[in-house]
Ligand code: 7TS
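Residue numbers (the working numbering): 26 to 445.
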């Protein structure tokens, strides 16, 4: 694409109705109604390009990677490593060697906790997270604290569901060894100022991991601009397969790290006298990887880059702003959080109906939302609720679907005796 064509593409609005045709599942009905899929923060649906990439792998060239001289192994290795290149481009990472394939965000964070942070902490040292983290960015650090005697410190959030750079700085002490924070909250939708936060942490000599699980589907992410040491995300939330994700890590840091798991593919040489590890990223990819999954993941990020992350961000910003306003206007609804920068999700509770009732009634109308604690129990406690209802959006969602959600919430009120 030429520069002119590119700027035209950015200026052109994304047409979700046209893009929906790329996603076969969106044509189905649920309870006799057209599916309105608003559970994208949990997992996104898959475009035909991703389905085809996996299918073609198994139908045409599947074999194990990195260990065969035969043609199929060479072809599948090329496709697998090609996917790594696509993920590198998606994140604008300097080098493919900085992209480690993992099972998902959860495994990426556990890997960094084990291989980077654990060897660097002593009893009394501190790890900092925020109050809006997913359990996958809390529990690995608690496990680490149990093993090492380190202490977990938490950056508080406001009622609006935000924290500032100054709030993070206030949590940093001379004993802080690591900061791990979420880019976009899976419950509140808050977009955190990670670039400024990374800069502030670095000024204190504190390395940073950014949990990008909910940012990567919704906006362009440039790890060089963010300057994060580690950035984690999941394939299944960017319209790719489950069981695959990526950890970006600065090469000099990866090169210092010991392996997370031992096995095949992660060694240079093995003897009973001792083992030499392979260079990153292979060092962190023990065992046969999710080959077809990685190839599908590569197709997914390619799809997003082709549609254009700027266009996706612009489309979804409109959609989410409309949803927040329209849902809040339904009698009895209380939105959880009011972040100034919001992406992807709107969480709420209703006066009469429990979140699970809301989700059940909406499902009867073909509308899929999520009800529960969203793996953020500390955040639920912060807002004094056991659970929320959450509508979360993707590139294929339309304004009409938001209106269907709002109509569904009025129906919830009617069923609970509130005549709205
Ligand atoms: N971090 C954030 C911010 C998330 O939203 C999630 C998953 C994870 C990490 C874990 O990702 P995984 O792919 O390793 O499981 N969030 C959700 C959710 O909001 N509903 O279901 C899963």
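Virtual Cβ for every residue (Gly too), placed ideally from N, Cα, C. Fair warning: this is a prediction, and the values are worked out from it, not measured in the lab.
- Annotation for residue 161 indicates a beta carbon within 7 Å of some heavy atom of the ligand 7TS.
- Annotated three-state conformation of residue 419 is coil, per DSSP.
- Secondary structure note for residue 235: it is in no alpha helix (DSSP H), and the uninterrupted beta strand (DSSP E) holding it is 233–236.
- Around the beta carbon of residue 356, fewer than 16 other beta carbons sit within 10 angstroms, so the residue counts as exposed.
- Taking the Cβ of residue 227 as the reference point, every heavy atom of the ligand 7TS lies at 7 Å or farther away.
- For residue 270, the CB falls within less than 7 Å of some heavy atom of the ligand 7TS.
- Using a Cβ distance threshold of 8 Å, residue 239 and residue 263 do not count as a contacting pair.
- Pairing residue 310 with residue 125 gives a Cβ-Cβ distance under 8 Å.
- Unbroken alpha helix (DSSP H) runs of no fewer than 4 residues, entirely contained in the stretch 387–414, are found at 402–408, following chain order.
- Here the stretch 157–168 makes no contact with the stretch 305–322; the two share fewer than three CB pairs at distances below 8 Å.
- If only complete runs of 4 or more residues are kept, the stretch 137–223 shows the alpha helix (DSSP H) at 164–173 and 190–196, in order along the chain.
- For residue 375, the uninterrupted beta strand (DSSP E) run begins and ends at 370–375, by DSSP.
- Counting C-beta pairs with one atom in each stretch, the stretch 261–279 and the stretch 164–178 have fewer than three that are closer than 8 Å, which means they do not touch.
- Residue 426: member of the alpha helix (DSSP H) spanning 424–440, first to last residue.
- Between residue 226 and residue 70, the alpha-carbon positions lie close to 36 Å from each other.
- Exclusion of the five residues before and after residue 424 leaves 344 and 347 as the residues of its chain whose Cβ lies within less than 7 Å of its Cβ.
- Taking the Cα positions, residue 322 is about 6 Å away from residue 260.
- In the DSSP assignment, residue 360 falls outside any alpha helix (DSSP H) and within the unbroken beta strand (DSSP E) covering 358–360.
- Listed in chain order, the non-local C-beta contacts of residue 151 below 8 Å within the same chain comprise 175, 176, 177, 178, 198, 200, 201 and 202, local neighbours out to five positions each way being set aside.
- Per DSSP, residue 127 is one residue of the beta strand (DSSP E) stretching across 124–127.
- Looking only at 72, 291 and 383, the smallest Cα-Cα distance to residue 329 is reached by 72.
- Note on residue 353: under 16 other CB atoms within 10 angstroms of its CB, so exposed under the neighbour-count rule.
- Within the DSSP bridge table, the entry for residue 61 names 392 as partners.
- Checking the DSSP bridge columns, you'll see residue 113 has no partner listed.
- By the C-beta criterion, the stretch 72–88 is judged to be in contact with the stretch 96–108, since at least 3 inter-stretch pairs fall below 8 Å.
- By the 16-neighbour rule on beta-carbons within 10 angstroms, residue 80 is exposed.
- For residue 132, there are no CB contacts under 6 Å within the same chain when 5 residues up- and downstream are skipped.
- Between residue 63 and residue 430 a beta carbon distance of about 6 Å is seen, short of the 8 Å cut, so the two are scored as contacting.
- Apart from the 5 residues on each side of it in sequence, residue 136 sits with its Cβ closer than 8 Å to the Cβ of 125, 127, 272, 285 and 309 in its chain, given in chain order.
- Relative to the non-hydrogen atoms of the ligand 7TS, the Cβ of residue 207 comes within a distance shorter than 7 Å of at least one.
- Contact check for residue 65 and residue 419: beta-carbon distance about 4 Å, within the 8 Å limit, so the pair qualifies.
- Counting along the chain, residue 323 sits inside the alpha helix (DSSP H) bounded by residues 316–332.
- Rounded to whole angstroms, the Cβ separation of residue 403 and residue 156 is 6 Å, and the two are in contact under 8 Å.
- Counting every other CB atom within 10 Å of its CB across the protein chains shown gives residue 370 a total of 16 or more, marking it as buried.
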